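Here the protein sequences line up with chains F and B, keeping their order.
Reading the first sequence from the start, the letters are residues 1 to 438 in my numbering.
Reading the second sequence from the start, the letters are residues 1 to 157 in my numbering.
Cβ coordinates follow ideal geometry from the N, Cα and C atoms, glycine included.
Only a predicted model underlies this, so the values are computations on that prediction, with no experimental measurement involved.
Reviewing the structure listed below.
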Amino acid sequence: MSHSYCNISNKPKVLEIVIYTDFLLRTYNLIILKRRDFINKATLSSFATLIGADIIFGSNLLEGYTPVAIQNPDPFKLFNKHKDMIVLNDKPWNIEAQAHLLDDKITPNSCMFIRNNGLVPEGIDAKKWTLTIDGESVKKNKTYTLAELKSKFKQYTYQLTIECGGNGRSEFNPTAKGNQWTVGAVHCASWTGVRLRDVLNDAGIKKNAVYIGFHGVDVHLSQDPTKEPISRGCPMQKALQDETLLAFKMNGEDIPLIHGYPLRLVAGGWPASVSGKWVNRISIRDKVHDGTKMTGDAYRIPCNPVAPGEKVKDKDMCIIESMPVKSLITYPKSGAIIKEGRSLNIRGHAWAGELEVAKMEYSIDFGSTWKSCTIEKPSNRLAWQHFNASVSFPKKGYYEIWAKATDTNEKAQPMLLPGWNPKGYLNNACHRIAVKVN
Amino acid sequence: MSKEEGYKKLIKKVILLIFVLFSLFLLTGGLIVYYTINPSFFNNNTESNITINIPIDEDEDRIENGIHLRTGLIDDEGLMTVVNNCTNCHSSKLIIQNRMTTERWNTTIKWMQETQNLWDLGKNQEVIVNYLVTNYPPKDIGRRAPLQNINWYELKE
């Protein structure tokens, strides 16, 4: 496998600047800085020269963090992922599961999707990690070490469903821009941390607080240190919920680097982009947070329905909040061939954003008739719910099993694609698997 | 006389000392200059610090079966302009996944210039967009496409 990021492009001017900067940097380092430091920076800058001058800002990168720009080309080993995970993008890393990989009740790391807007930070030292609470609506700026967060506040563990807002994007027509997620950008792991509410209250929330916005240490794709790859947030109401955590553990262990080590937000039921990774600062805002990917088409949909492909004015776009009702058949894997007369046990999970799933059904005749599944209660609010059913087939042939969940507001999953939107968010159409009876 | 000789000896010693110091100075200076130019010379471990995957292919822009191997992009007019301008910040995988019209590609380029530090593409913009819409044209997939790429297997329970 070769690498697109080792591209030596013809940008002589930039190259010249880099070589010049490189020289100055080396001389400066030689005189002023310690040798070890020097080698790091010299490596970075010679590296910039090699790959064609893209790390112009190399010397300005956040102290202690170097981007994983050139990294182990095998993401499965790098991130301990199952071999059947699908790599959609390797710069930035975006990897999704397939439905059958999500069969566990609590998703293991190996089958959790990866969504990145920027480059993964490196060289994180949890012992030195701090979280700062600031913003217009904080009573007093306050900074906590990770150890302080863990000792000062009560810890909670919840199973929380996190789904990428763009999960299912690949089915929209006209096509929607971005990573073409199919069904696997969702997981429900067990998260341990402190309540965001407790920390915000400790710092003090002013009465005019409207929103929180997170900041992390991931690096912008252009390596520009003045730009954040993503800085989203949620209204105070969501920020203050019991289940909204500042998490440091996932499935009982330290959160893996790719999932936000050593500290991340977890806001179940909302687009995964609200659950910021590598978080070191949270701003309490007196207005809707205006960080990167809070504006434009990002994580926003037309406030009123539009025709497929229609242009939507910026002022007519609304921020996505709770995710819609949805479900996945995780067993069997699509493509099962069974013998005639045998019944088939199916199972999977269903979730409904802020709500609960009230009813779960399946169809083997493309929605003509529906039969009910057994559905469990969630282990806690915002956790996905497990369903199962025993399916019989009337005769030989090709079948599709369709799954349909209905939430407590009586909204069910559509069989066709829901309303088109410019970035292809919120596709909660029924999941389908193929079965042949011989 | 003995006093004068002693004085001469002292002078000689001083000159020698100055000479030695000057040589040392030159040597150090030389080393510093060399170090500036080639810092890795003094560090045997540098190799392990710099792990860069340079494609081993002699021709890193090798094309096989109409595909540019390094990026997976289709070989056609404008390929290298796309490679050189569009795969620096993000992977070519992002390009191949997306199918858009000329208008939407132009909007996307504008967005990248406004938010992602993409440079002014000048005349290349037309070349790039033409390449994209020719080789990765939008597909009409209807309101719901049939299930595709089904891997059939015997289910044993």
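Sequence-distant residues of its chain with Cβ nearer than 7 Å to residue i (five each side left out)
i	result
Ala203/F	Ile133, Val138, Lys139, Lys140 and Lys142
Gly367/F	Trp402 and Met415
His220/F	Gly118, Lys227, Glu228 and Pro229
Leu17/B	none
Tyr399/F	Ile364, Phe393, Val435 and Val437
Anticipated Cβ contact below 8 Å, residue i with residue j, distance rounded
i	j	result
Gln125/B	Ile109/B	6 Å
His68/B	Asp75/B	6 Å
Ala383/F	Cys164/F	Contact flag wrong, Cβ pair sits at about 18 Å.
Val437/F	Lys411/F	So it is not a contact: roughly 33 Å between Cβ atoms.
Arg143/B	Leu355/F	Contact doesn't hold; Cβ gap of about 26 Å is too wide.
Lys326/F	Trp370/F	So it is not a contact: roughly 16 Å between Cβ atoms.
Pro305/F	Val312/F	10 Å between Cβ atoms; not a contact.
Val199/F	Leu149/F	7 Å
Three-way DSSP call (helix, strand, coil) for residue i in this model
i	result
Ser363/F	strand
Val306/F	coil
Glu114/B	helix
Phe172/F	coil
Glu154/B	strand
His3/F	Residue placement at His3/F is flagged as unreliable, the pLDDT there being 38, under the threshold of 50; the coordinate-derived value follows with that caveat. Three-state result, His3/F: coil.
Thr87/B	coil
Pro75/F	helix
Lys395/F	coil
Tyr136/B	coil
Leu101/F	helix
Ile109/B	helix
Gly122/B	coil
Tyr131/B	helix
Met100/B	coil
Gln237/F	helix
Met250/F	strand
Ile63/B	strand
His82/F	coil
Glu410/F	coil
Selected residue, minimal CA-CA separation from residue i, among the options
i	options	result
Val217/F	Glu356/F, Trp278/F and Asn116/F	Trp278/F
Arg232/F	Ile346/F, Lys207/F and Val274/F	Val274/F
Gln237/F	Lys371/F, Ser110/F and Ile212/F	Ile212/F
Lys249/F	Gly135/F, Tyr156/F, Pro92/F and His215/F	Tyr156/F
Glu136/F	Tyr362/F, Asp286/F, Ala383/F and His386/F	Asp286/F
Ser390/F	Tyr398/F, Leu328/F, Ile258/F and Thr374/F	Thr374/F
Glu243/F	Gln159/F, Leu131/F, Thr226/F and Tyr398/F	Gln159/F
Ile95/B	Thr71/B, Glu114/B, Gln116/B and Gly78/B	Thr71/B
Phe113/F	Phe153/F, Ile124/F and Thr161/F	Thr161/F
Leu73/B	Tyr136/B, Glu154/B, Lys156/B and Glu157/B	Tyr136/B
Pro324/F	Glu171/F, Ile258/F and Asn427/F	Asn427/F
Lys93/B	Trp181/F, Lys313/F and Val120/F	Trp181/F
Asp297/F	Ser170/F, Trp351/F, Leu102/F and Ala176/F	Ala176/F
Glu157/B	Arg342/F, Asp365/F and Ile364/F	Arg342/F
Gly260/F	Leu101/F, Thr107/F, Glu122/F and Tyr425/F	Glu122/F
Tyr425/F	Asn167/F, Lys206/F, Tyr399/F and Lys313/F	Asn167/F
Phe79/F	Ile255/F, Phe393/F and Gln385/F	Ile255/F
Arg115/F	Ile205/F, Ile258/F and Phe393/F	Ile258/F
Gln385/F	Ile86/F, Lys81/F and Asp104/F	Asp104/F
Val183/F	Gln98/F, Pro174/F and Glu148/F	Gln98/F
Asn208/F	His215/F, Val186/F, Asp198/F and Pro235/F	Pro235/F
Asn109/F	Ala272/F, Glu253/F and Lys154/F	Glu253/F
Own chain, CB closer than 8 Å to residue i, minus 5 neighbours either side, in chain order
i	result
Ala145/B	none
Val129/B	Thr102, Trp105, Asn106 and Ile109
Ile150/B	none
Leu196/F	Ile212, Ala239, Leu240, Thr244, Leu245, Leu246, Leu265 and Ile282
Ser322/F	Gly269, Trp270, Gly353, Glu354 and Leu355
Trp129/F	Thr145, Leu146, Pro262, Leu263 and Asn280
Lys83/F	Phe76
His289/F	Tyr211, Ile212, Gly213, Ser231, Arg232, Gly233 and Ser283
Tyr131/B	Asp76, Glu77, Gly78, Leu79, Thr81 and Val82
Contacting residues, own chain, Cβ-Cβ under 6 Å from residue i (five flanking each side not counted)
i	result
Ala126/F	Leu146 and Pro262
Asn179/F	Leu88, Asn89 and Asn94
Glu5/B	none
Arg347/F	Tyr331 and Asn388
Met112/B	Leu118
Thr408/F	Leu355, Glu356 and Ala358
Ile433/F	Ile329, Ser334 and Ile401
Leu245/F	Trp191, Gly193 and Val266
Ser379/F	Gln159
Original post:
Going along the chain, which unbroken runs of the beta strand (DSSP E) with 3 or more residues stay wholly within the region 107-155 of chain F?
Top reply: Runs found: 130-134 and 142-145.
Subject >> Contained alpha helix (DSSP H) runs [length at least 4] in the region 264-324 of chain F, N- to C-terminal order >> reply: Within the region 264-324 of chain F, no run of alpha helix (DSSP H) at least 4 residues long lies entirely inside it.
**OP:** Would you list, in chain order, the members of the region 88-105 of chain F that have their beta-carbon closer than 8 Å to a beta-carbon of chain A?
**Re:** As a matter of chain content, chain A is missing from the structure shown, whose protein chains are F and B.
Subject >> Contiguous beta strand (DSSP E) assignments of at least 3 residues, all confined to the region 160-230 of chain F >> reply: Counting whole runs of 3 or more residues, the region 160-230 of chain F contains the beta strand (DSSP E) stretches 186-195 and 211-216.
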